[in-house]
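The structure appears below as structure tokens.
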Amino acid sequence: MQKRRLGGIGLEVSVLGLGCMGMSGGYSERPDRDAMITLLRQAVELGVTFFDTAEIYGMGHNEALVGEALAPVRDKVVIASKFFEKINHEVPELEGRRVRPDEVAGCLEGTLRRLGTDWLDLYYLHRVNPEVPIEEYAGVLGELADEGKIRGYGLSEAAAETIRRADAVHPVTAVQSEYSLWWKRPEEEVLGVCEELGIGFVPFSPLGKGFLTGTVDTSTSFEQGNDIRTTIPRFAPEALEKNMAMAELVRDVAENHGAAPSQIALAWLLSRRPWIVPIPGTRRLERLKENLGAATLELSDEDMDALTEAAAQIPIEGGRYDEHHESMTNL
Numbered sequence: 015m016q017k018r019r020l021g022g023i024g025l026e027v028s029v030l031g032l033g034c035m036g037m038s039g040g041y042s043e044r045p046d047r048d049a050m051i052t053l054l055r056q057a058v059e060l061g062v063t064f065f066d067t068a069e070i071y072g073m074g075h076n077e078a079l080v081g082e083a084l085a086p087v088r089d090k091v092v093i094a095s096k097f098f099e100k101i102n103h104e105v106p107e108l109e110g111r112r113v114r115p116d117e118v119a120g121c122l123e124g125t126l127r128r129l130g131t132d133w134l135d136l137y138y139l140h141r142v143n144p145e146v147p148i149e150e151y152a153g154v155l156g157e158l159a160d161e162g163k164i165r166g167y168g169l170s171e172a173a174a175e176t177i178r179r180a181d182a183v184h185p186v187t188a189v190q191s192e193y194s195l196w197w198k199r200p201e202e203e204v205l206g207v208c209e210e211l212g213i214g215f216v217p218f219s220p221l222g223k224g225f226l227t228g229t230v231d232t233s234t235s236f237e238q239g240n241d242i243r244t245t246i247p248r249f250a251p252e253a254l255e256k257n258m259a260m261a262e263l264v265r266d267v268a269e270n271h272g273a274a275p276s277q278i279a280l281a282w283l284l285s286r287r288p289w290i291v292p293i294p295g296t297r298r299l300e301r302l303k304e305n306l307g308a309a310t311l312e313l314s315d316e317d318m319d320a321l322t323e324a325a326a327q328i329p330i331e332g333g334r335y336d337e338h339h340e341s342m343t344n345l
């Protein structure tokens with residue numbers, strides 16, 4: 015598979031990574047552990063070298079899962095994890111507060127232990143803490159990089175000015191944020207700062223939490239209590255009906271090119287900048303193979319420009335988060 019590089023440290027990763035959150039729940043009840051370990055190893059065989067997890071995914075379950083699956087190939091893959099909520103892992107449960115700068119090293123040790131590794135390739139601050147200057151986190155993360163415990167650090171859902179301030183303390187390797195055909199706010203300021211400072215950009219939910227894959231329509235029901243989309247305004251029935259125009263656009267483009275809708279959505283992202291590395295998630299081998307097909311899909315600049323222009327004419331109804339979760343971002 016083609017490779018791309020993230021940040022000034024030149025962190026080389028497959029052009030498409032794998033978001034692992036759903037392997038610990040989020041869209042259904044928690045999938046079978048052995049099946050997910052098999053899927054992760056199949057991803058490696060298919061050329062994926064970039065895997066994204068977080069301490070909060072399954073309260074440590076996801077890190078342990080990813081670590082076990084990738085242990086045989088640890089030196090051949092790039093693993094990213096994240097921290098932000100303080101977790102009592104003995105229960106486990108959230109403590110109701112953010113991780114302080116002086117607790118970051120301890121969080122990292124827990125992550126390394128669950129992953130079964132001596133180092134982490136990329137460590138993100140999962141959400142910016144409005145009560146603590148970003149410079150304090152950047153300083154601690156820079157020290158961890160200097161010590162060799164992490165190769166680089168990143169920020170998730172951070173504003174352009176926050177990124178700039180952190181980078182002034184210690185160079186940022188990557189910024190992660192939602193980015194897709196139906197949520198393009200990073201184009202307003204964040205991508206420009208990343209380009210200026212030489213920072214990689216990692217879009218999560220590049221398929222709109224399934225919306226852009228062609229598998230969601232107005233008759234789709236989401237499992238209450240187990241599927242996060244039940245809390246997202248743009249997936250509410252009235253909003254979903256209005257938003258189907260975007261899914262239909264992607265589907266029509268896909269049909270014209272003999273491709274799957276997911277491949278069109280991912281190829282569009284890959285065309286935006288050469289330092290963008292999307293991390294679509296899945297729990298099914300056939301979807302994994304389908305997504306990875308975007309890496310070799312040949313679309314012209316004219317094709318991409320036409321899709322961009324057409325998508326810009328479609329208004330999107332509803333927010334990407336509920337009010338509480340949107341307030342936790344820095345955007």
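Numbers 15 to 345, taken from this note's numbering, label the letters of the sequence shown in order.
Using N, Cα and C, we set each Cβ at its ideal position, and we do this for glycine too.
Comparing C-alpha distances from V62 to each of L299, G332, L321 shows the shortest one belongs to L299.
T176 counts as buried, since no fewer than 16 other beta carbons sit within 10 angstroms of its beta carbon.
Distance from the CA of S314 to the CA of P106, rounded to the nearest whole angstrom, comes to 49 Å. DSSP lists Y138 as the bridge partner or partners of K96.
Between the alpha carbons of F225 and A94 lies a gap of roughly 25 Å. Rounded to the nearest angstrom, the gap between the Cα atoms of I242 and L139 is 21 Å. In this structure, V186 and I213 form a Cβ contact; the two beta carbons are roughly 5 Å apart against a cut-off of 8 Å.
Put simply, the backbone Cα of K256 is about 46 Å away from that of G120. Among the bridge pairs identified by DSSP, D66 is matched with G33, A94. Along the length of the region 167-240, whole beta strand (DSSP E) runs at least 3 residues long occupy 188-192, 214-218, reported in chain order. Between H103 and the set G24, Y71, N344, the nearest pair of CA atoms involves Y71.
Counting C-beta pairs closer than 8 Å gives three or more between the region 277-289 and the region 318-332, which meets the contact rule. Per DSSP, V87 is not a residue of any alpha helix (DSSP H), being assigned neither H nor E. If you check the CB distance, V291 and R18 come in under 8 Å.
Pairing I148 with M260 gives a Cβ-Cβ distance that is not under 8 Å. Remark: C-beta atoms of M342 and R114 do not approach each other more closely than 8 Å. Of the other Cβ atoms in all chains shown, fewer than 16 fall within 10 Å of the Cβ of D336; this residue is therefore exposed. Taking 8 Å as the upper bound for CB-CB distance, S219 and V204 are not in contact here, some 15 Å apart. Distance from the CA of M15 to the CA of T296, rounded to the nearest whole angstrom, comes to 18 Å.
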